[in-house]
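What follows is a single structure, written as structure tokens, with notes after it.
Listed below in structure tokens is the structure:
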């Protein structure tokens, strides 16, 4: 027995060299440089540890273990504390089920091995890896992962931070918001900085262009000879964005789903409800849109602003309707229900103004281009009671041979202008001889009224040498003749008595306010100069003449004056005792007060004369009235 021990000791002496001076131990090397210097491989014998209940316990005094058995979750590994810090331990996770294993929070991925070193009272993974929920992601990629189980993130209520050069660049907050270049994202995706959607050039072919799938921005290039029809694939989800820049030559627009992209402009689209929608709210215009800065390449017979269905066209400012073109063609300004070709409702207190600045000076022209048809302009307004007052004016080209301009109240022709000779009729049709022909209705007032400050009761309109008219005092007399020669006057009438003069049957009257009926004169207020001349014929002018050659006949008349009667006498000589013609004359001034007066012509007998068989000579008897004011 002793012989075998010494033999083993001798053999070790050949392999292990001890240096007493330095204390280093060398195995398979004569020059150990460290406390233990081994020239060759080192084997730590592996110990198999079966997993039980997703747990595994490392035995004491081992350097490498292999986990075996079935795991249904992450395996929790426990290991005893070694006698000294610095002890090494390698754990190989060979359990089935695909789950990782953890020791002191450090993860050993399934199918992987990890070395640990005991330090500061616990086992530490020598690769510095942290535990991501029981699975560690390898820098060169991981295998055997299950998307429903393995993930990159946190398992507590903490944000997930991504860094480069140890500076945070992206963060996923605990509430699910993602921030790029911001640690406090306020929305699901919050990017602090510019976003670039790389552009894809799409060449137009045959005035068509197809947008590739999975792009966010395209530039249309090439030559277009008409509006470009764009097609784009359906997006996988609603909300995808697409920007189209129309950079084609030819000046034509491009259209996607009826929304126009003007030439030289870009338009953003969003996929919604199964199709691409322009985000500017543009309305489909048969593939053409009207730009804020105008359009080029339009064709007036094809391109238009309006609707293509049976709907009104509305114009707004400040989002309030101001004008409308109805589906039936009526145009309304200030009204949503135009009832005529042009229906204007002034909602404010201002006026609707039609002005002219061109040399033609035509501000508004109303024309009926159909032969033989009139053109009429109607005006309607309501009084305080709501009763409509209507008038119209226009041209009737069929009137006579000249045509006529009319201002009318319904069927009443109030003003008519002959369009050939310019003759005017007011209340009547213009005649051929009068430049102005005015008619009125009896009892309805005067047909003509002129007030220029010279008007007064009983005055007449007088023209000067220039044709300027004004009201003047009526100095034209009224001439009255009596033709009744069968009546005698004053026969059987005593002194101071009177008898009626014969009726005045022929009157020339040019003074307003004076009328003659029988032997009665009606006088308007005013001042009159009156001349009465009567001639009598007496075939038997006898009487007690005595030695007188002639006989004095005395007569009187009662004149109205200042509200009472004024008696004026006239004496006239006649032949005594034979046939005699003689006359009586009166010249006086009378004043008729307001309200006028009625004058009955009665001839009175004075103190002397023979009045038997006196006969009024009609051709010589007369009354002259001069109205002075």
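Residue numbers (mature numbering (1 follows the signal peptide of the UniProt record, and there is no 0)): -20 to -1, 1 to 609. Backbone N, C-alpha and C define an ideal beta-carbon position, used for all residues, glycine too.
Cutoff 7 angstroms; reference residue i; Cβ partners in own chain excluding five residues on either side
i: residue 389; result: 371
i: residue 324; result: 313, 314, 332
i: residue 265; result: Since pLDDT at residue 265 reaches only 42, below the 50 mark, its modelled position is unreliable, and the value read off the structure follows with that caveat. Correct list, in chain order: 240.
i: residue 260; result: 247
i: residue 97; result: 66, 68, 104, 106
Cβ neighbour criterion (16 or more within 10 Å) applied to residue i
i: residue 410; result: buried
i: residue 362; result: exposed
i: residue 288; result: exposed
i: residue 151; result: buried
i: residue 38; result: buried
i: residue 118; result: exposed
i: residue 101; result: exposed
i: residue 280; result: exposed
i: residue 547; result: exposed
i: residue 541; result: buried
i: residue 234; result: buried
i: residue 529; result: Caution is warranted here: a pLDDT of 44 is assigned to residue 529, below 50, making its placement in the model unreliable, and no coordinate value can be reported.
i: residue 94; result: buried
i: residue 524; result: Bear in mind that the predicted position of residue 524 carries a pLDDT of just 47, short of 50, making it too unreliable to give a figure here.
i: residue 539; result: buried
i: residue 35; result: exposed
i: residue 87; result: buried
i: residue 59; result: buried
i: residue 349; result: exposed
Proximity to residue i [Cα-Cα], best of the options
i: residue 52; options: 46, 58, 31; result: 31
i: residue 72; options: 584, 66, 65, 81; result: 81
i: residue 29; options: 21, 19, 57; result: 57
i: residue 75; options: 536, 95, 124, 118; result: 124
i: residue 157; options: 168, 147, 26; result: 168
i: residue 475; options: 379, 436, 549, 495; result: 549
i: residue 254; options: 468, 237, 5; result: 237
i: residue 452; options: 430, 468, 471; result: 430
i: residue 230; options: 248, 204, 208; result: 204
i: residue 587; options: 365, 366, 534, 367; result: 534
i: residue 148; options: 155, 159, 13, 310; result: 159
i: residue 91; options: 79, 99, 300; result: 79
i: residue 199; options: 22, 245, 351, 232; result: 245
i: residue 383; options: 398, 393, 364; result: 398
i: residue 601; options: 572, 607, 511; result: 511
i: residue 228; options: 213, 215, 181; result: 181
i: residue 582; options: 46, 211, 499, 417; result: 499
i: residue 609; options: 517, 35, 437; result: 437
i: residue 202; options: 185, 211, 273; result: 185
i: residue 440; options: 493, 16, 64; result: 493
i: residue 562; options: 537, 532, 406, 428; result: 532
i: residue 210; options: 105, 341, 225, 369; result: 225
i: residue 134; options: 122, 126, 155; result: 155
i: residue 283; options: 301, 232, 579; result: 232
As assigned by DSSP and simplified to three states, the class of residue i
i: residue 394; result: strand
i: residue 540; result: strand
i: residue 532; result: strand
i: residue 449; result: strand
i: residue 464; result: Reliability of the predicted coordinates at residue 464 is poor, the pLDDT of 47 falling under 50, and no value is obtained from them.
i: residue 170; result: strand
i: residue 600; result: coil
i: residue 506; result: strand
i: residue 608; result: coil
i: residue 553; result: strand
i: residue 403; result: coil
i: residue 581; result: coil
i: residue 146; result: coil
i: residue 514; result: strand
i: residue 258; result: strand
i: residue 545; result: strand
Same chain only: Cβ atoms within 6 angstroms of residue i, ignoring 5 sequence neighbours per side
i: residue 162; result: 170, 172
i: residue 293; result: 286, 287, 305
i: residue 46; result: 26, 28, 72, 74
Other residues of its chain near residue i: CB distance less than 8 angstroms, five sequence neighbours each side excluded
i: residue 353; result: 377
i: residue 257; result: 237, 239, 249, 250, 251
i: residue 573; result: 505, 542, 543
Residue-chain proximity (residue i, chain B), Cβ-Cβ < 9 angstroms
i: residue 36; result: Among the chains of the structure shown, chain B does not appear; only one protein chain is present.
Inset, instruction - Can you check the region 34 to 120 for any alpha helix (DSSP H) of at least 4 residues that lies completely inside it and give the ranges in chain order? - result: none
Inset, instruction - Would you mind listing the beta strand (DSSP E) stretches within the region 312 to 380 that are 3+ residues and don't spill past its ends, in chain order? - result: 322 to 324, 355 to 362, 368 to 376
Legend entry - beta strand (DSSP E) segments (min. 3 residues) lying fully within the region 159 to 233: 169 to 171, 179 to 183, 188 to 190, 197 to 201, 208 to 211, 221 to 226
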